[in-house]
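Below: the structure, in structure tokens.
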Amino acid sequence: MHCSRLFLPTLKGDQPRLTPWTGMMVRAGMIRFAGDGDCYVLPAGRRVFDNIGCLFQTAFSRLGAHELLFHGHDAFALLLQEIKSYKMLPFAVQRRKISTTPVRRPSFGLAFAQHRLCLEMTAVAESTSDIGQIESTLREYIHSLLSDLGICSSLVSASPGEEQWMLVLPYDKGDTDWYECNGCGQKALDWCVQVARDDMPVKTETSELKRLYTPGASTMAILCEQVGIPLEATLKTMVYVREDGMPVLAMVRGDREVDVRRLTSAAGGSCRAATQAEIEEITGAPCGFAGPCNLPHKALLVLDSALAHASGLVAGANEADYHLGGLVPGRDFIPDVISTIRKATPQDRCVCGCTMTSHRGFGLITGSRFILTGMKVQGRSGTLQELPALSVSVDVNRVVEATARFALDERGFNWPKSVAPFRCAVIAVTVREASVLEQASKIYADLQRAGLHTLLDDRDVGLGAKMADSDLLGIPIRMLVGPQGLQHGYVEMACRTGGEREQVKLSEAVDLVLKKVQPDIQTI
RNA sequence: CGGGGCGUAGCGCAGUUUGGUAGCGCACCAGCUUUGGGAGCUGGGGGCCCCGGGUUCAAGUCCCGGCGCCCCGACCA
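Going by this note's numbering, the residue at position 501 of the first sequence is 511; the numbering climbs one at a time, nothing skipped.
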């Protein structure tokens with residue numbers, strides 16, 4: 011590519027309001043942001059996207075995943091339509107798609123853009139062990155790819171069982187929280203980490219049920235102040251509505267919060283917070299006095315496991331300005347479900363009893379194993395059976411951002427060679443001298459012919475700018491063709507990684523470059 | 001919901017106290033000199049100073065009212 015014809019708008023100064031690596035990508039003319047936070051990927055950036063995407067596609071292809079192109083359906087609909095017999099198994103497909111996540115506030119980064127490029131692989135197989143085999147091979151490939159890209163991610167569990175997982179990258183401004191046990195090593199997302207039952211309600215002198223007059227105590231803090239009890243001795247009742255319209259009362263200890271995702275799996279359907287009007291309708295009392303007893307309507311009572319054996323609690327009475335004291339779950343009300351529905355906190359302990367460390371970051375790759383319901387295929391024995399399936403999705407935006415983050419240095423990016431937007435930059439020191447441009451063009455043509463993505467810098471700008479741009483983009487090899495060297499038949503060669511510059515004979519230059527730029531990430 | 005800040009060229013900002021020709025840096029355009037680490041000089045283009053009303057001979061600036069954006073704090077019944 012001739013630099014003078016490439017849309018490569020590099021910039022000089024620091025970019026405000028961006029992380030260093032994102033700002034550097036903007037400076038390098040790889041990306042631009044729209045006002046709403048959406049991202050334009052420019053030609054140089056697109057090459058990085060393509061290179062990284064290609065590594066994963068190759069990994070998928072190694073597992074036999076066929077490359078498809080389609081939108082608006084999920085891959086299973088196709089499998090459902092096409093797989094007729096076990097003889098076609100295992101069967102896998104892959105595609106690229108744009109995943110759209112609504113963002114509340116725009117944040118200017120690749121990782122949190124509203125539209126992100128994802129690579130998705132979907133596989134079905136005859137048995138769960140076959141799927142497990144595919145999954146573990148794929149994880150191995152992915153693990154080695156990520157480490158070649160310089161990314162240190164960790165594998166966390168993303169479901170209460172082991173069937174969903176996520177590769178996450180620590181980052182303090184991430185959108186995902188997870189916990190790691192300091193003892194058994196359990197790593198899981200915050201809403202599915204298994205925590206020890208934490209039943210430490212304060213024993214009160216009496217557990218005799220009584221009605222307390224608590225005027226205006228519409229929050230736990232006011233209530234505790236009035237009644238003179240600690241938050242730990244209260245039972246907080248949060249009102250939700252299940253997707254089918256069923257009211258759900260979620261009860262946790264007063265100092266804890268309800269985790270909606272945990273609640274969703276406990277209540278057997280997706281739940282949303284009730285509006286104020288709904289709360290009044292469901293509990294028959296103003297907002298702030300909800301409780302599990304004396305409800306005017308049927309509601310699903312979901313109790314956090316930590317309170318299952320508590321007694322002497324204080325909870326709302328479903329009546330304005332009244333609470334109930336001395337409440338005992340199981341005696342004064344019967345919960346429909348007892349489950350861990352509170353949000354995990356760093357104070358929680360792992361099921362093994364050890365302390366846990368909380369982490370924040372973002373997910374790069376997600377995977378999940380499941381049985382494909384509604385799809386039955388004739389097996390060896392002749393009977394119809396449901397198929398185990400695997401779905402893995404690589405968020406290319408995020409992998410690119412993570413790679414950029416670790417490749418960043420003072421001058422720009424020091425990409426792995428396989429990722430760099432060009433393998434080699436041929437810089438014509440001045441384009442005003444015909445012989446210089448001519449020699450540079452010749453070397454460029456030879457390298458292109460040899461199959462090497464090369465950038466010929468033929469712009470009429472100062473040498474400093476050309477060198478700076480080459481470093482900024484992170485092109486692994488830079489060849490300088492200038493009048494001084496040409497007089498003696500030499501060009502200068504330098505690597506992005508090390509500073510040493512070599513004078514090489516014009517006639518040997520091309521061969522030397524070809525020797526130096528063997529790809530550093532083996533894909534096949 | 002409360003407190004604070006901001007709104008002026010594509011971007012980043014000064015100018016508002018004390019009303020008087022619309023400014024600076026970067027970017028952009030033209031030309032010349034340059035070219036071994038982001039060049040220099042000269043010239044140039046570009047504005048509903050967030051919107052609406054008011055005071056005034058005169059408002060980016062003062063007054064009233066909107067709108068929008070950002071930060072901090074509170075917000076689990």
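We put the CB at the ideal spot given by N, CA and C, even for glycine.
The structure presented is a predicted model; accordingly, all values stated were derived computationally and were not measured.
307 is the residue among 307, 272, 274 and 280 whose C-alpha sits nearest the C-alpha of residue 289.
Comparing alpha carbon positions, the residue from 478, 483 and 430 closest to residue 528 is 430. Ranked by Cα distance from residue 21, the first of 504, 150, 482 and 250 is 482. Residue 367 is classed as exposed because its beta carbon has fewer than 16 other beta carbons within 10 Å across all chains shown. For residue 230, DSSP records no beta bridge to any residue.
Given a length threshold of 4 residues, each whole run of the alpha helix (DSSP H) inside the segment 405-484 is given here in chain order: 406-417, 444-459 and 473-483. For residue 35, the uninterrupted alpha helix (DSSP H) segment begins and ends at 30-37.
Annotation for residue 53: the continuous alpha helix (DSSP H) segment containing it runs 53-72.
Between residue 339 and residue 318 a beta carbon distance of about 7 Å is seen, short of the 8 Å cut, so the two are scored as contacting.
Counting only runs of 3 or more residues that sit fully inside the segment 157-199, the beta strand (DSSP E) segments are 164-167, 174-180, 186-191 and 197-199, in chain order.
With a threshold of 16 other beta carbon atoms within 10 Å, residue 167 meets it and is buried. A residue is called buried when at least 16 other Cβ atoms come within 10 angstroms of its Cβ; residue 50 does not meet this threshold and is exposed. Under the 8 Å Cβ criterion, the segment 346-355 does not count as touching the segment 132-151, having fewer than three qualifying pairs. Contact check for residue 504 and residue 488: beta-carbon distance about 5 Å, within the 8 Å limit, so the pair qualifies.
For residue 307, the secondary structure class from DSSP, reduced to helix, strand or coil, is coil.
Taking each of 185, 531, 332 and 263 in turn and checking the Cα distance to residue 312, the smallest one comes out for 263.
Of the other Cβ atoms in all chains shown, fewer than 16 fall within 10 Å of the Cβ of residue 84; this residue is therefore exposed.
Cβ-Cβ distances below 6 Å link residue 381 to 396 and 398 in the same chain, with the five nearest sequence neighbours on each side left out; the list follows chain order. Residue range 257-263 is occupied by the beta strand (DSSP E) that includes residue 263. Going by beta carbons, residue 202 and residue 364 fall outside the 8 Å limit. Residue 526: member of the alpha helix (DSSP H) spanning 519-526, first to last residue. With contacts defined as CB atoms closer than 8 Å, residue 450 and residue 435 fail to qualify as a contacting pair. Here residue 502 is bridged, per DSSP, to 490 and 513. Restricting attention to 42, 406, 484 and 258, the CA atom closest to the CA of residue 19 is found in 42. When the Cα atoms are used, residue 409 and residue 234 turn out to be separated by approximately 48 Å. Non-local beta-carbon contacts of residue 267 in its own chain, meaning distances under 8 Å to residues more than five positions away in sequence, involve 352 and 353 in chain order. The alpha-carbon separation between residue 265 and residue 346 amounts to approximately 22 Å. Of the residues assessed, residue 471 falls on the exposed side of the cut-off, its CB having fewer than 16 other CB atoms within 10 angstroms. According to the DSSP secondary-structure assignment, residue 49 is paired through a beta bridge with 43. For residue 172, the closest C-alpha among the options 196, 413 and 321 is that of 196. Secondary structure remark: continuous alpha helix (DSSP H) runs of at least 4 residues inside the segment 280-325, in chain order: 286-293. Three or more Cβ pairs closer than 8 Å define a contact, and the segment 325-345 meets that threshold against the segment 235-245. Under the three-state reduction of DSSP output, residue 142 falls in the helix class. Under DSSP, residue 386 takes part in a beta bridge, and its partners are 396.
Distance from the CA of residue 218 to the CA of residue 239, rounded to the nearest whole angstrom, comes to 16 Å. Between residue 70 and residue 104, the beta carbon gap of about 4 Å places them in contact (Cβ cut-off 8 Å).
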